[in-house]
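Participant:
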Amino acid sequence: MSAQILDGKKFSETLRKDIAGRVGALTRQGMQPGLAVILVGNDPASEIYVRNKENGCAEVGIHSESIRMPENTSQEALEAEIERLNADDRIHGILVQLPLPAHLDESAALAKILPEKDVDGFHLINAGRMMNGEKGVEACTPKGALYMIRQTGIDLNGKDAVIIGRSNIVGKPMAMLLLRENCTVTVCHSRTRNLAEHTRRADILVAAVGRAGLVTADMVKPGAVVIDVGINRVNGKVCGDVDFEAVKEVAGWITPVPGGVGKMTITMLLENTAEAAERKLALCTEARK
Ligand code: GUN
Numbered sequence: 029m030s031a032q033i034l035d036g037k038k039f040s041e042t043l044r045k046d047i048a049g050r051v052g053a054l055t056r057q058g059m060q061p062g063l064a065v066i067l068v069g070n071d072p073a074s075e076i077y078v079r080n081k082e083n084g085c086a087e088v089g090i091h092s093e094s095i096r097m098p099e100n101t102s103q104e105a106l107e108a109e110i111e112r113l114n115a116d117d118r119i120h121g122i123l124v125q126l127p128l129p130a131h132l133d134e135s136a137a138l139a140k141i142l143p144e145k146d147v148d149g150f151h152l153i154n155a156g157r158m159m160n161g162e163k164g165v166e167a168c169t170p171k172g173a174l175y176m177i178r179q180t181g182i183d184l185n186g187k188d189a190v191i192i193g194r195s196n197i198v199g200k201p202m203a204m205l206l207l208r209e210n211c212t213v214t215v216c217h218s219r220t221r222n223l224a225e226h227t228r229r230a231d232i233l234v235a236a237v238g239r240a241g242l243v244t245a246d247m248v249k250p251g252a253v254v255i256d257v258g259i260n261r262v263n264g265k266v267c268g269d270v271d272f273e274a275v276k277e278v279a280g281w282i283t284p285v286p287g288g289v290g291k292m293t294i295t296m297l298l299e300n301t302a303e304a305a306e307r308k309l310a311l312c313t314e315a316r317k
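Going by our numbering, 303 is the number at position 275 of the sequence shown; the sequence numbering is gapless.
Quick look at the structure:
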């Protein structure tokens, strides 16, 4: 039997209507949410992400600024731009598009963003809160992936979740979120021995490596939830890390690429930006009392 498709476009439509309502309410109270995206250099994939973010903001009524800096930007210039945005009252969320060119220090740049304006959840304070199981900003891709997993309606308690990939952007925060849901979590990576032995046990399988065709049908447990975070280009066509056509005959649920997790990542970024503005409004209201 063919797997049910977890349609990121459809979920996003519903979620973005709700976000637009929240943004409208904030705007009427003089707190229109604002998102600034900094893009250093001209990586074509990052260009596409940034354009999608601009379109997403326009769709829900978020004020958006894209700051494009040249490839040879210095650390000082990048950090000065972040500090300018930290001090800008119209901006509630700051996102530094990753990866940065190799000469720049990613951790130092991310540490400059005010934690309350960190809509990626990458600041050490927010990442630490997640690690501690405290409430904080959740990284957009894992947050979107978890939303899709929840839509299956399966009880996550005690389920075996296997994540392929240990990046700070997806693998590690995804592990924290699934742990919070009481899954038994395994994180596989490039040095993992017998990858298929792990993946075949997975009730929930998340592939976040960036290698087309990595997950084949024989690696998937029948009925599993398969979440494909990969975005690869093969012969000009966009595809994920999962062999979609073959795996959909084994899995219970599967996300397509495109139209799956990628769309949800932007939706979660919009939600995190609206939440940052809501927190700011609450603080301002409190201060006026
Ligand atoms: N590059 C790829 N995905 C992301 C993301 O979610 N946030 C940032 N800042 N950069 C990325």
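Ideal Cβ placement from N, Cα and C applies to all residues, glycine included.
In this text the structure is predicted, and so the values were computed from the model without any measurement.
1. Below 6 Å CB to CB, which residues in the same chain sit around T101 once its five sequence neighbours on both sides are set aside?
2. Under 8 Å between the Cβ atoms of V253 and T180?
3. Taking 7 Å as the cut-off, is the C-beta of Y175 nearer than that to any heavy atom in the ligand GUN?
4. Quick one: what's got a C-beta closer than 8 Å to R50's C-beta in the same chain, skipping five residues either side?
5. Below 7 Å, is the gap between the Cβ of V124 and the nearest heavy atom of the ligand GUN?
6. Any chance the CB of D148 is under 7 Å from a heavy atom of the ligand GUN?
7. Hey, which unbroken runs of the beta strand (DSSP E) at 3 residues or more fall wholly within the segment 245-286?
8. What did DSSP end up calling M59 once you bin it into helix, strand or coil?
9. Within 10 angstroms of its Cβ, does D271 collect 16 or more other Cβ (buried), or is it exposed?
10. Quick one: Cα of I197 to Cα of S30, how far?
11. Would you give the residue range spanned by the alpha helix (DSSP H) that G156 belongs to?
12. Taking contact to mean 3 or more Cβ pairs, one atom from each stretch, closer than 8 Å, check whether the segment 84-101 and the segment 37-56 are in contact.
13. On the DSSP letters alone, give me the boundaries of the beta strand (DSSP E) that H91 sits inside.
14. Give the range of the beta strand (DSSP E) segment to which V124 is assigned.
15. Taking only three categories from DSSP, how would you classify D148?
16. For L14, collect the residues of the same chain with a Cβ closer than 6 Å to its Cβ; drop the 5 residues on either side in sequence, then sort them by chain order.
17. With H, G and I counted as helix, E and B as strand and the rest as coil, what does DSSP make of T42?
18. Report yes or no: do three or more beta-carbon pairs, one from the segment 65-83 and one from the segment 199-207, lie closer than 8 Å?
19. Nearest-angstrom Cα distance between E363 and K81?
20. For a test of your reading of the model: does the CB of T169 fall under 7 Å from any non-hydrogen atom of the ligand GUN? Yes or no.
21. Residues in the same chain with beta-carbon distance under 7 Å from G199, minus the five sequence neighbours each way, listed in chain order, please.
22. Report yes or no: do three or more beta-carbon pairs, one from the segment 125-137 and one from the segment 283-303, lie closer than 8 Å?
23. Rounding to the nearest angstrom, what Cα-Cα distance links H154 and P143 in this structure?
24. Does A302 come out as helix, strand or coil in the three-state DSSP assignment?
25. Of the residues L174, P201, L34, E109, which one's Cα is nearest the Cα of G161?
26. What are the start and end residues of the beta strand (DSSP E) that includes T214?
27. State the DSSP-derived secondary structure class of A31, mapped to helix, strand or coil.
28. Looking at C-alpha atoms only, which residue of R239, T244, G238 is the closest neighbour of E225?
Facilitator: The short version:
1. If you number the sequence shown from 1, residue 101 lands on position 73. Answer for T101: V68, listed in chain order.
2. Locating residue 253 in the sequence shown gives position 225, where the first residue counts as 1. Locating residue 180 in the sequence shown gives position 152, where the first residue counts as 1. Taking the C-beta atoms as reference points, T180 is found nearer than 8 Å to V253.
3. Numbered from 1 along the sequence shown, position 147 holds the residue referred to as residue 175. No - the ligand GUN has no heavy atom lying nearer than 7 Å to the Cβ of Y175.
4. Start at 1 with the first residue of the sequence shown, and residue 50 comes out as number 22. Cβ within range, chain order: A302, E306.
5. As a first step, residue 124 must be located in the sequence shown, where it is residue number 96. True, at least one ligand heavy atom lies under 7 Å from that Cβ.
6. On the sequence shown, residue 148 is found 120 positions in, with the first residue counted as 1. Yes, the ligand GUN has a heavy atom inside 7 Å of this Cβ.
7. 253-256, 260-262, 265-267
8. The sequence position of residue 59 within the sequence shown is 31, counting from 1. Coil.
9. Numbered from 1 along the sequence shown, position 243 holds the residue referred to as residue 271. Buried, because 16 or more other Cβ atoms sit within 10 Å of the Cβ of D271.
10. Here residue 197 corresponds to residue number 169 of the sequence shown, with the count starting at 1. Here residue 30 corresponds to residue number 2 of the sequence shown, with the count starting at 1. For I197 and S30, the distance between alpha carbons rounds to 31 Å.
11. Here residue 156 refers to the residue found at position 128 of the sequence shown. Segment 152-159, the alpha helix (DSSP H) holding G156.
12. Result yes; three or more Cβ-Cβ pairs closer than 8 Å.
13. As a working note, residue 91 is residue 63 in the sequence shown. Note, H91: beta strand (DSSP E), 91-97.
14. Looking up residue 124 in the sequence shown gives position 96. If you look at V124, you'll find it in the beta strand (DSSP E) that goes 121-124.
15. If you number the sequence shown from 1, residue 148 lands on position 120. DSSP, read as helix, strand or coil, puts D148 in coil.
16. This structure leaves residue 14 out entirely; the chain is present only between 29 and 317.
17. Taking the sequence shown and counting its residues from 1, one reaches residue 42 at position 14. Three-state result, T42: helix.
18. no
19. For the chain, the structure presents residues 29 to 317; residue 363 sits outside this window and is missing.
20. To locate residue 169, count along the sequence shown from 1; it is residue 141. T169 Cβ: within cutoff of the ligand GUN.
21. On the sequence shown, position 171 is the one that residue 199 refers to. Closer than 7 Å at the Cβ level, and outside the excluded window around G199, lie I191, G193, V215, A236.
22. no
23. For this step, residue 154 is matched to residue 126 along the sequence shown. For this step, residue 143 is matched to residue 115 along the sequence shown. His is not the amino acid found at residue 154; the sequence shown has Asn there. Answer to the nearest angstrom: the Cα atoms are 7 Å apart.
24. Counting from one through the sequence shown, the residue named residue 302 turns up at place 274. Three-state result, A302: helix.
25. By 1-based counting over the sequence shown, the position of residue 161 is 133. Nearest of L174, P201, L34, E109 to G161, Cα basis: P201.
26. The residue labelled residue 214 in the question sits at position 186 within the sequence shown. Run containing T214: 212-216, per the beta strand (DSSP E) assignment.
27. Working through the sequence shown from its first residue, we reach residue 31 at position 3. DSSP places A31 in coil when its eight states are reduced to three.
28. Walking along the sequence shown from the start, residue 225 turns up at place 197. For E225, the nearest C-alpha among the options comes from T244.
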